[in-house]
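Numbering (this note's numbering), first residue to last: 110 to 371.
Here it is in structure tokens:
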């Protein structure tokens with residue numbers, strides 16, 4: 110049975126209500142009455158419990174492990190924790206608007222302290238991107254979706270263009286979307302326009318999340334057989350369901366029986 114175990118109320122400095130619930134060994138983060146924002150298996154804090162958070166790493170089917178990564182939106186820290194645990198070669202910066210969210214992620218969701226591979230900043234995500242040096246990161250993950258959609262400053266042509274400009278030559282932008290949002294097509298069109306139609310959509314097999322990937326350069330329309338081989342290698346190394354990711358890419362993207370067009 111779901112129960113509220115703790116509530117972090119609004120303060121004058123941080124206008125967000127954070128609810129924590131626990132059920133069957135899973136601790137969840139909710140922003141007020143919103144759906145689950147993050148989930149952690151208490152016995153295995155680095156496991157990516159929510160399917161959409163695993164889909165974020167479908168990008169690894171096409172690119173190498175990023176050396177530098179920017180995550181916009183922390184939540185309970187699931188993505189940040191997984192990268193810190195399983196991608197030791199990746200240095201990540203996390204930008205979260207609310208200091209209270211950072212506090213909860215560290216006190217309730219086992220987010221590790223900052224070190225040489227992890228820096229968590231309480232700051233505005235859009236402003237941070239605009240201030241970055243061009244071509245300075247390999248992977249930008251935007252996980253700032255809420256019940257009202259993407260915050261307006263993070264859903265403009267200018268912002269997505271800034272993300273593209275900050276990516277290295279083979280960089281990728283990953284945006285967490287909700288497939289039933291009336292603005293879903295609008296968001297995809299914005300990303301596609303900025304990335305010259307180099308966009309892939311990966312639907313999660315849990316609820317209605319869809320990860321939109323914008324690629325800085327084309328991927329030479331890989332064969333399904335090549336993607337399957339890559340998926341086997343990644344699955345053996347990282348444990349995520351990369352084989353399912355390959356199958357699910359056929360659901361929402363141009364392809365034929367031999368190739369995925371990107």
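Using N, Cα and C, we set each Cβ at its ideal position, and we do this for glycine too.
Model, not experiment: these values are computed from the prediction.
With 16 other Cβ atoms within 10 Å as the buried cut-off, status of residue i
| i | result |
| --- | --- |
| residue 163 | buried |
| residue 146 | buried |
| residue 332 | exposed |
| residue 267 | exposed |
| residue 363 | exposed |
| residue 275 | buried |
| residue 349 | buried |
| residue 116 | Note that residue 116 scores a pLDDT of 48, beneath 50, so its modelled location is shaky and nothing firm can be said. |
| residue 357 | buried |
| residue 264 | buried |
| residue 222 | exposed |
| residue 359 | exposed |
Nonlocal neighbours in the same chain, by C-beta distance under 7 Å from residue i, ignoring five residues either side
| i | result |
| --- | --- |
| residue 336 | 170, 355 and 369 |
| residue 280 | 246, 247, 248 and 325 |
Option nearest residue i by Cα separation, candidates the options
| i | options | result |
| --- | --- | --- |
| residue 273 | 259, 293, 262 and 300 | 300 |
| residue 259 | 287, 140 and 279 | 287 |
| residue 225 | 193, 240 and 206 | 193 |
| residue 366 | 308, 330, 349 and 321 | 330 |
| residue 270 | 255, 324, 313 and 211 | 324 |
| residue 59 | 213, 229, 305 and 321 | There is no way to answer for residue 59, as the model of the chain reaches only from 110 to 371. |
| residue 305 | 255, 326, 319 and 312 | 326 |
| residue 241 | 125, 277, 206 and 215 | 277 |
Close-in-space but distant-in-sequence residues of the same chain around residue i (CB under 8 Å, 5 per side omitted)
| i | result |
| --- | --- |
| residue 152 | 134 |
| residue 148 | 135, 136, 137, 138, 158, 159, 185 and 187 |
| residue 111 | Here residue 111 scores only 39 on pLDDT, less than 50, and its place in the model should not be relied on; the value that follows carries that caveat. Closer than 8 Å at Cβ, skipping near neighbours: 130 and 132. |
| residue 165 | 188, 250, 252, 283, 285 and 320 |
| residue 243 | 274 and 275 |
| residue 197 | 226 |
Nonlocal neighbours in the same chain, by C-beta distance under 6 Å from residue i, ignoring five residues either side
| i | result |
| --- | --- |
| residue 178 | 199, 201 and 248 |
| residue 218 | 149, 185 and 186 |
| residue 181 | 204, 234, 251 and 253 |
| residue 351 | 340, 343 and 344 |
| residue 262 | 235 |
| residue 167 | 311 and 354 |
| residue 347 | 195 |
Residue interval of the alpha helix (DSSP H) (run including residue i)
| i | result |
| --- | --- |
| residue 151 | From DSSP, residue 151 is part of no alpha helix (DSSP H); its letter is neither H nor E. |
| residue 217 | 208–217 |
| residue 348 | Looking at the DSSP string, residue 348 is not in any alpha helix (DSSP H), and its letter there is neither H nor E. |
| residue 294 | 293–303 |
| residue 319 | Counting along the chain, residue 319 falls outside any alpha helix (DSSP H), though it belongs to the beta strand (DSSP E) covering 318–324. |
| residue 327 | Element bounds for residue 327: n/a, residue is neither H nor E. |
| residue 188 | 187–195 |
| residue 267 | 266–275 |
Residue i: first and last residue of the uninterrupted beta strand (DSSP E) it sits in
| i | result |
| --- | --- |
| residue 137 | 135–140 |
| residue 202 | 200–205 |
| residue 228 | 227–231 |
| residue 248 | 246–251 |
| residue 130 | 127–132 |
Presumed contact (8 Å Cβ cut-off) between residue i and residue j, rounded CB distance
| i | j | result |
| --- | --- | --- |
| residue 310 | residue 297 | 7 Å |
| residue 191 | residue 155 | 6 Å |
| residue 161 | residue 315 | 7 Å |
| residue 210 | residue 127 | 7 Å |
| residue 289 | residue 317 | 5 Å |
| residue 183 | residue 229 | 7 Å |
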